[in-house]
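Residue numbers (the working numbering), protein chains in the order written: chain A, 849 to 1136; chain B, 3 to 87.
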């Protein structure tokens, strides 16, 4: 039974889940990671410290085998594939808020910006390509914030600025670290500007060109000696349905750098923010 | 006369090209943007773990585990495991 939970939420939870987790942690004390637990709440196996990234998958499979040996054989589970984050990057939720899907990465290539020292030029050589794993994230905007991305007039050439208070929320894409302690918050923004321009009106839809620029400095764990800087520009487009008076899709692609402030050793970053009005349709795929 | 006809033909052809170019420009921009996005977004291979029918509620997981008499695979991280992690 695959269950994925946030440590800080589950260990403080007052329900049966919180009670089970605290029992599990008492039986096998580890900060986070994987516990395999019998239906009666007994820890069968656990995994915390990885030996290496190369052996990580095998280590987890070994943990599962150890638990299966202790628990005994069970037939494969027949279950439909489901999406536990059905609104991520899709649809409008009750109350009108939306959850924009975010992907952010450290990148290589793409051409060095001005001022990059020769010793760091190799990082920017070649075509733009991923450097390491992707950070998967999301940004929820309430109905009022979401409405600011819509064009004020459906006339070609109409240009508007999204309020800075809303644009600041996009700062979280600037530093591609999976650890939230490194993630810039809206209040960390030194610059946050997002503008839209209606470039075409056709078939009852306004096609919108988006452009933005952001810069933020975030202190890891509020420690003034551990600042991180991220900056990026973004290009994007959106489609707005004039009859429904509703956004249909949004895509923003960020290109930037991150590192310590005033440090020449900044690295390239890339991020994507995307959303579509239509919801996912369940595939009915069976997984074991 | 030939010169006038040829010039008019060129004007028509040039106008058609300009109209086509103007119409293609937004589409070309969107194509280029989607290509840039594809470089950054995870591949289907990187997202295979999302096909696992994760439960986000441990109490519900415990209930189902008892119902089906099978162990719980409990994945816990300092952030939401399926989100920024």
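Cβ coordinates follow ideal geometry from the N, Cα and C atoms, glycine included.
Keep in mind it's a predicted model, so treat the numbers as computed, not measured.
Report task. Only counting runs of 4 or more residues, tell me where the alpha helix (DSSP H) segments fall wholly within the region 897–943 of chain A, in order along the chain. Result -> 904–919
Requested in this report: Indicate whether at least one CB of chain A lies closer than 8 Å to the CB of residue 68 of chain B.
Outcome: yes
Query raised in the report: residue 1080 of chain A to residue 1117 of chain A, Cα distance in whole Å?
Result: 8 Å
Query raised in the report: Alpha carbon to alpha carbon, how far is residue 858 of chain A from residue 928 of chain A?
Result: 26 Å
Query raised in the report: Of all the options A:1009, A:996 and A:984, which has the alpha carbon lying nearest to the alpha carbon of residue 1031 of chain A?
Result: A:984
Report task. Output yes if chain A places a C-beta closer than 8 Å to the C-beta of residue 39 of chain B; else output no. Result -> yes
Requested in this report: In the DSSP assignment, find the unbroken beta strand (DSSP E) run with residue 1058 of chain A in it and report its ends.
Outcome: 1053–1067
Report task. Would you please verify whether the beta carbon of residue 1123 of chain A is less than 8 Å from any beta carbon of chain B? Result -> no
Query - chain A residues whose Cβ lies nearer than 7 Å to that of residue 33 of chain B - result: Within chain A, no residue comes near residue 33 of chain B; the closest Cβ sits about 11 Å away, beyond 7 Å.
**Report entry** Simplified DSSP assignment, three categories, for residue 856 of chain A
**Finding:** helix
Query - Cβ-based neighbour list, residue 1069 of chain A, same chain, cut-off 6 Å, excluding 5 preceding and 5 following - result: 1029
Report task. Would you check if the region 881–895 of chain A and the region 68–81 of chain B touch, i.e. whether three or more CB-CB distances between them fall below 8 Å? Result -> yes
Query raised in the report: Is there contact here, the region 54–62 of chain B with the region 863–874 of chain A, by at least three beta-carbon pairs under 8 Å?
Result: yes
Query raised in the report: From residue 965 of chain A to residue 1039 of chain A, what does the alpha carbon distance come to, in whole angstroms?
Result: 25 Å
Requested in this report: Kindly confirm or deny that the region 905–922 of chain A and the region 1103–1120 of chain A touch, where touching means at least three C-beta pairs closer than 8 Å.
Outcome: no
Query raised in the report: Pick from A:973, A:995 and A:988: whose alpha carbon is nearest that of residue 1093 of chain A?
Result: A:995
Report task. Helix, strand or coil for residue 1086 of chain A, going by three-state DSSP, please let me know. Result -> strand
Query raised in the report: At which residues does the alpha helix (DSSP H) containing residue 1100 of chain A begin and terminate?
Result: Careful: residue 1100 of chain A lies outside any alpha helix (DSSP H), inside the beta strand (DSSP E) at 1094–1107.
Query raised in the report: For the 8 Å Cβ check, are there 3 or more pairs between the region 967–976 of chain A and the region 1006–1017 of chain A?
Result: no
Requested in this report: Using the Cα positions of residue 1044 of chain A and residue 1011 of chain A, report the straight-line distance between them to the nearest angstrom.
Outcome: 11 Å
Requested in this report: Could you list the residues in the region 953–982 of chain A with a C-beta less than 9 Å from some C-beta on chain B, going in chain order?
Outcome: 953, 955, 975, 976, 977, 978, 981 and 982
Query raised in the report: To the nearest angstrom, how far is it from the Cα of residue 897 of chain A to the Cα of residue 986 of chain A?
Result: 28 Å
Query raised in the report: What residue range is occupied by the uninterrupted beta strand (DSSP E) comprising residue 1122 of chain A?
Result: 1115–1124
Report task. With 8 Å as the limit, tell me which residues of the region 861–873 of chain A have their beta carbon closer than that to any beta carbon of chain B; keep them in chain order. Result -> 861, 863, 864, 865, 866, 868, 869 and 872
**Report entry** DSSP state of residue 1070 of chain A mapped onto helix, strand, coil
**Finding:** helix
Requested in this report: Give me whichever residues DSSP pairs with residue 1018 of chain A in a beta bridge.
Outcome: Paired residues: none, contrary to the question.
Requested in this report: Grab me the residues of residue 914 of chain A's own chain with a C-beta within less than 6 Å of its C-beta, minus the 5 sequence neighbours each way, in chain order.
Outcome: 893
Query raised in the report: If residue 1124 of chain A sits next to residue 910 of chain A, beta carbons under 8 Å apart, how far is it from one beta carbon to the other, in whole angstroms?
Result: About 40 Å; that fails the 8 Å criterion.
Query raised in the report: Cα-Cα, which of A:970, A:952, A:1110 and A:990 is closest to residue 941 of chain A?
Result: A:990
Query - Spatially closest choice to residue 1112 of chain A from A:968, A:849 and A:1089, by CA coordinates - result: A:968
Query raised in the report: Can the beta-carbon of residue 1056 of chain A be found less than 8 Å from the beta-carbon of residue 1000 of chain A?
Result: no
Query raised in the report: Between which two residues does the alpha helix (DSSP H) carrying residue 45 of chain B extend?
Result: No alpha helix (DSSP H) holds residue 45 of chain B; DSSP gives it neither H nor E.
Query raised in the report: List, in order along the chain, the chain A residues whose C-beta lies closer than 9 Å to that of residue 50 of chain B?
Result: In chain order: nothing, as chain A lies at least about 10 Å away.
Report task. Quickly, what does DSSP pair residue 72 of chain B with across the bridge? List them, please. Result -> Per DSSP, none; premise fails for residue 72 of chain B.
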